[in-house]
Amino acid sequence: MTNLLIETDKTKSNSAITTCAKALVDTLSELGVNSIFGYPGAAVLSIYQELSQTKNIRHYLVRHEQAAVHAAEGYARISGKPGVVLVTSGPGFTNTITGIANAYADSTPLVILAGDVPSNNNKGKVFQKVDIISMTKSCAKKNYIMTSKDDIKQIIREAFEVANTGEKGPVVIVLPRNILESKYIQKISKDLHKKKIQPIAETDYEKTIKLLNSAKSPLVLLGGGAIDAVENIKKLVLGFGIPVVSTLKGIGTFPSKDNLYLGMIGINGSYPANTAINNADFILALGVSFSDRSTCKQENFASDAKIVNINTKKSIFNFELEICSDTNIFLEGLLTRLNSNPDYSKWRSQIKLLKQECTNKNCSSESLHSSSVLEAIYEYTKSFEPVVVTDVGQHQLLTAQHFCFNQPKKFITSGGLGTMGFGLPASIGAQLANPYSLVLNITGDGSFQMNLQELATCREHNIPIKIIIMNNGYLGMVRQMQDKIYNNRYQVEMINPDFTKIAEAYDLFAIRVTKTEELIPALQKMISHKGTAIVDVAIDSFEEI
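In my numbering, each residue carries its 1-based index in the sequence shown increased by 185.
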């Protein structure tokens, strides 16, 4: 009897001990985290044990760690909060690198909790040991490695702050197994890492206003960094009648249907938008990274325009004026100081003519064409105001051209890295962040096969995303470049499986479309289906954009 009492007392005593793993989960809960995308392994089982005891956080088991990061990206892009990823040591972490690099390129806030081998036994050749810090130096905004001297609660809080402020991005926290399983002891608190906000100089406002007032053909150029300044952008653009163009990531920041919007700029941009860039004498760039896909040849980009660049991170290019600031903060200050209303009516008339000149290409083939298919999908689904998540390729750029996005956070795509396989898992995260929206994943047959195992995640959690596969039997974008540059089609033709049968294996609804008259009935069935649904559309194999 005495021994039993002693054992019971020990059990009570042990249960009262807070481990670092429990402190971590408690902190995530305090920060309002409700979703984690991950894949378990020995190094992080202590965290999974604590997650099993909490009701505030739901863990979504993906089927590949890269998909966990993309799902967290989709969640972050819709919710505005950092997405959270939990993976184990070794290959569990190395599988995340592509996703982390993608998030870094697109300035998406993430916190990656990376399990690691015990720090007290990591010399020599250790099972599943990799140098996480070295791997992430070039593709993470910041990385941490937990030691016994650190307060895990403090590190977690700081990581969330870093991920979601300034130039947003992924933050990696390396969590050695022995640290997670050790007793949590509160350390001396330090101030959170917070970037000091530098006030915008009055002279910067004065110079911007002077350039704007003297311009004859001004443009507002919107990038992904302007997404939180939607209302102030409308006030500026509509109040002063300034035409608008955007980058791929800036789509939806200003309504596509508005007459002042000319489309996307760059290599695959619209004729009106690129022509306007070439004829502008002043450009106010808001949240733009000026990547080569947007500028093409930097030395020729908007060569007649004076550019004022507003971004949280300084560019490598030389502008008339560069202001390191949050876009919304800058616009609030600018709008209070603007007291004149220049006449840009002549410029707007030229813009109107540009838009009228832009006509769709005629399709001579009898096959289904991406352009007409996407236009039909847009018309059929626009009343739902869907969230559209794409992969990378011809379908991505044609979606940007043929859909109208009149609200922010409705068009989610991989911009800076161009990652095939992004779309399906990102759609999962987007749907979970906005469960009452229709979420469309528009993908290609090549991209879809990069992460199609996530159909299992969809089935397990009954995630009602709608997947539309633009199936041309080719790596279409690569084939197009090969044709033009090398006059061949080497290694780009794809012998695809029957995607409807794959869906059947996952117990999901799927339908194949091969004729124009089959498209709308298929979309009707897709929308009305309560769970995940797939429409496999056979399109022209040799269509170009």
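Note that CB positions come from ideal geometry on N, CA and C, so glycine has one too.
Using only alpha-carbon positions, find the residue among the options that is nearest to residue i.
i       : options                               : result
Val-302 : Gly-601, Leu-230, Asn-619 and Arg-664 : Leu-230
Gly-518 : Gly-217, Lys-594, Ile-385 and Ser-530 : Ile-385
Met-449 : Asn-463, Thr-438, Leu-433 and Lys-442 : Leu-433
Ile-394 : Phe-467, Ala-458 and Ser-455          : Phe-467
Ser-220 : Glu-484, Ala-490, Thr-204 and Ile-242 : Ile-242
Val-247 : Gly-277, Gln-238 and Val-218          : Gly-277
Gly-351 : Ile-330, Tyr-245 and Asn-513          : Asn-513
Pro-610 : Tyr-621, Gln-581, Ile-648 and Gln-579 : Ile-648
Ala-290 : Ser-214, Val-311, Asp-477 and Gln-339 : Asp-477
Gln-371 : Ala-348, Ile-297 and Lys-334          : Lys-334
Lys-595 : Lys-207, Gly-265, Ser-474 and Lys-240 : Gly-265
Ala-261 : Thr-460, Ser-214, Glu-702 and Thr-598 : Thr-598
Gly-661 : Phe-504, Ser-632 and Ile-687          : Ser-632
Thr-273 : Gly-410, Val-577 and Glu-250          : Glu-250
Gln-676 : Gly-658, Ile-687 and Glu-689          : Gly-658
Val-698 : Leu-360, His-554 and Cys-509          : His-554
Pro-440 : Glu-729, Asn-656 and Pro-593          : Pro-593
Pro-355 : Ser-479, Phe-312, Ser-292 and Phe-425 : Ser-292
Pro-225 : Gly-275, Leu-582, Ile-495 and Leu-693 : Gly-275
Val-558 : Leu-538, Leu-583, Gly-578 and Gln-535 : Leu-583
Phe-475 : Lys-499, Ala-458, Asp-489 and Tyr-456 : Lys-499
Leu-213 : Lys-327, Arg-342 and Ser-488          : Arg-342
Can you tell me the Cβ-Cβ gap for residue i and residue j, rounded? I've got them flagged as a contact below 8 Å.
i       : j       : result
Lys-401 : Trp-532 : 6 Å
Ile-318 : Tyr-369 : Contact flag wrong, Cβ pair sits at about 23 Å.
Leu-295 : Val-270 : 6 Å
Asn-656 : Ile-724 : 6 Å
Cys-509 : Gln-383 : 7 Å
His-580 : Ser-556 : Rounded, the Cβ-Cβ distance is 11 Å, inconsistent with contact.
Gly-410 : Asn-524 : Incorrect: roughly 27 Å between the Cβ atoms, too far for contact.
Thr-438 : Val-415 : 6 Å
Val-359 : Met-320 : Actually they are not in contact, since the Cβ atoms of Val-359 and Met-320 sit about 10 Å apart, beyond 8 Å.
Gly-608 : Asp-576 : 4 Å
Mind checking which residues open and close the beta strand (DSSP E) that includes residue i?
i       : result
Tyr-737 : Not covered by the structure: residue 737. The range shown for the chain is 186 to 730.
Asp-737 : Look at the range of the chain in this structure, 186 to 730, and you will see that residue 737 is not part of it.
Ile-436 : Unbroken run through Ile-436: none, as it is neither H nor E.
Glu-507 : 506–509
Ala-470 : 467–471
Leu-637 : No beta strand (DSSP E) holds Leu-637; DSSP gives it neither H nor E.
Lys-540 : That residue, Lys-540, is in no beta strand (DSSP E); its alpha helix (DSSP H) goes 530–542.
Gly-408 : Per DSSP, Gly-408 belongs to no beta strand (DSSP E) and is neither H nor E.
Phe-345 : That residue, Phe-345, is in no beta strand (DSSP E); its alpha helix (DSSP H) goes 337–348.
Ile-318 : Note, Ile-318: premise wrong, no beta strand (DSSP E); alpha helix (DSSP H) at 317–321.
Asn-328 : 327–330
Leu-216 : It is not in any beta strand (DSSP E) - Leu-216 carries neither H nor E in the DSSP assignment.
Val-269 : 268–272
Look up residue i in the DSSP assignment and give the residues it is bridged to.
i       : result
Asn-657 : Partner(s): none; Asn-657 has no beta bridge.
Lys-368 : Thr-204
Pro-355 : Leu-295
Arg-697 : Asp-721
Val-302 : Note: Val-302 sits in no beta bridge, so no partner.
Glu-164 : Since the first residue shown for the chain is 186 and the last is 730, residue 164 is missing from the structure and cannot be characterised.
Asn-496 : Cys-509
Glu-258 : The partner list for Glu-258 (beta bridge, DSSP) is empty, contrary to what the question assumes.
Met-449 : Ser-431
Pro-527 : Paired residues: none, contrary to the question.
Lys-651 : Leu-625 and Ala-718
Phe-596 : Val-573
Leu-360 : Gly-300
Glu-678 : Tyr-659
Lys-314 : Lys-314 is not bridged to any residue.
Ends of the alpha helix (DSSP H) at residue i?
i       : result
Gly-608 : 608–618
Thr-393 : 387–399
Tyr-289 : 282–290
Thr-480 : 477–480
Tyr-563 : 555–566
Ile-221 : Here Ile-221 belongs to no alpha helix (DSSP H); instead the beta strand (DSSP E) covers 220–223.
Leu-602 : Neither: Leu-602 is in no alpha helix (DSSP H) and is coded neither H nor E.
Gly-277 : 276–279
Ile-232 : 230–236
Thr-239 : Looking at the DSSP string, Thr-239 is not in any alpha helix (DSSP H), and its letter there is neither H nor E.
Tell me whether the segment 680–687 and the segment 699–706 touch, counting them as touching only if at least three CB pairs, one residue from each stretch, are closer than 8 Å. no
When the Cβ atoms of the segment 403–412 are set against those of the segment 421–435, are three or more pairs found closer than 8 Å? yes
Do the segment 233–248 and the segment 628–635 meet, that is, are 3 or more Cβ pairs less than 8 Å apart? no
Any contact between the segment 278–298 and the segment 631–641? By contact I mean 3 or more CB pairs, one from each, below 8 Å. The way I'd put it, the segment 278–298 doesn't touch the segment 631–641; fewer than three beta-carbon pairs between them come closer than 8 Å.
Tell me, please, whether the segment 408–424 touches the segment 482–491 by the rule of three or more beta-carbon pairs shorter than 8 Å. no
Is it a yes or a no for the segment 206–214 touching the segment 248–257, going by three-plus beta-carbon pairs under 8 Å? No, because fewer than three Cβ pairs between the segment 206–214 and the segment 248–257 fall closer than 8 Å, the two stretches do not touch.
May I ask you to verify whether the segment 455–470 touches the segment 561–570, counting CB pairs closer than 8 Å and requiring at least 3? no
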